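Trainee:
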Amino acid sequence: TPFLLSQEQWNFGCNLMSTEENSWVLKTTEAPAPVPPPCRSPEQRLFTPNEAQHPPSEMEVQVEERCLEQVQTMVVGEVLKDVDTACKLLNIEPDPLGWNCVHVQKWLLWTEHLYRLPQVSVMFQELSGRDLCSMTEADFRQRSSQFGDILFAHLDIWRSAAAMKERCPPEDTADEDSWSDVMCNFPNQPIHLWQFLQELLLKPRNYSRCIRWLNKEKGIFKIEDSAHVARLWGIRKNRPAMNYDKLSRSIRQYYKKGIIRKPEVSRRLVYQFVNPVEWSARGE
DNA sequence: AACAGGATGTC
DNA sequence: GACATCCTGTT
1 TPFLLSQEQW NFGCNLMSTE ENSWVLKTTE APAPVPPPCR SPEQRLFTPN
51 EAQHPPSEME VQVEERCLEQ VQTMVVGEVL KDVDTACKLL NIEPDPLGWN
101 CVHVQKWLLW TEHLYRLPQV SVMFQELSGR DLCSMTEADF RQRSSQFGDI
151 LFAHLDIWRS AAAMKERCPP EDTADEDSWS DVMCNFPNQP IHLWQFLQEL
201 LLKPRNYSRC IRWLNKEKGI FKIEDSAHVA RLWGIRKNRP AMNYDKLSRS
251 IRQYYKKGII RKPEVSRRLV YQFVNPVEWS ARGE
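Structure representation (structure tokens):
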């Protein structure tokens, strides 16, 4: 796993999330009740016969691991979001290694304010981000016996977040027309209209409002917003004057070629791929 | 407004 | 060849 919160960070994060003043952290998502079930008490362990307390099956273990993974992904996502917000507010970069003394002070003041710590930033004056990163937890404690560890843990979270960003760069979460879909990743790579339509159909999360499957197995799809689909096609092909009249003419060219046809019962804005087996057979 | 398909031009 | 554009006519 590329990113694992230490137990300490985890607990720290949980405490932060359960602090109700911190609407800043986790405002939309429910706090994911991340506290692991307490270990079975010693007497339970002693007095429960092995047969009755059947060990978790492999599937149960897998399910649990997947749950944990999901929770972890969620927490990491929230942390990254929070880091982003703070960076914008403070006008600093996410990676502490790039901070100068002023940035460090900004970050300290922010952290103090956010978690209601007393003023400890004075103890960290004249330190750059690089200095901060080279310090051990003991060094932090030396400067602030009470809150050094908290600051250390928090800095570690930021460093981890920066490392994460480095590892998996700009994941675009655009909900509407994610630009990379419409513009192709490879400049001017020729694309066929039927391929483009399939691309849109593959991403219902982004495009189901303008085009969606009616029957995926049979390859029947419906264009819900003809103008929108035409606009997307026009962007991809660099044809600003594209409209549904012209797009549909191109679809009709497919009739003769046996790529797309009208379904048995012809319906408005509904078409059907002739051989949907080819791509559904390759699994999804 | 969508549909069908011929004609013609473009890359 | 695969459209893009324009057009006539139909549903």
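The first sequence runs 1 to 284 under the UniProt record's numbering.
Where a beta carbon is used, it is the ideal one built from N, C-alpha and C, also for glycine.
Note that this is a predicted model, so its numbers are computed, not measured.
(1) Tell me the residue span of the beta strand (DSSP E) that contains TRP213.
(2) Within a Cβ cutoff of 7 Å, which residues of the same chain sit near ALA161, ignoring the five residues on either side of it in sequence?
(3) Between the Cα of THR111 and the Cα atoms of CYS87, ASP131 and GLU126, which residue gives the shortest distance?
(4) Give every residue of the same chain whose Cβ lies closer than 7 Å to the Cβ of residue 286, excluding the five residues on either side of it in the sequence, and list them in chain order.
(5) In terms of residues, what are the limits of the beta strand (DSSP E) holding LYS237?
(6) So, TYR271 versus ILE260, is the Cβ gap smaller than 8 Å?
(7) Could you check the C-alpha separation between LEU193 and TYR207 for me, to the nearest Å?
(8) Hey, out of TRP99, LEU151, ARG130 and TYR115, whose CA is closest to MET123's CA?
(9) Just grab the DSSP bridge partners of TYR244 for me.
(10) Determine the contact status of ARG130 and LEU97, defining contact as a CB-CB distance below 8 Å.
(11) I'd like to confirm the pairing. Which residues does DSSP put opposite ILE220 in its beta bridges?
(12) Going by the CB atoms, is the gap between PRO263 and ILE220 shorter than 8 Å?
(13) Candidates LEU269, LEU108 and ASP149: which alpha carbon is nearest ALA227's?
(14) Where does ARG249 sit, in a helix, a strand or coil, going by DSSP?
(15) Which of helix, strand or coil does DSSP assign to ILE150?
(16) Near TRP99, which residues of its chain fall below 6 Å by C-beta distance, leaving aside the five closest residues on each side in sequence?
Mentor: With the structure as the only source:
(1) 211-215
(2) VAL79, LEU80, VAL83 and PRO94
(3) CYS87
(4) Any question about residue 286 goes unanswered here, given that the chain covers just 1 to 284.
(5) It is not in any beta strand (DSSP E) - LYS237 carries neither H nor E in the DSSP assignment.
(6) yes
(7) 16 Å
(8) LEU151
(9) Paired residue(s): none; TYR244 is not in a bridge.
(10) yes
(11) ASN215 and GLN272
(12) yes
(13) LEU269
(14) helix
(15) helix
(16) GLY129
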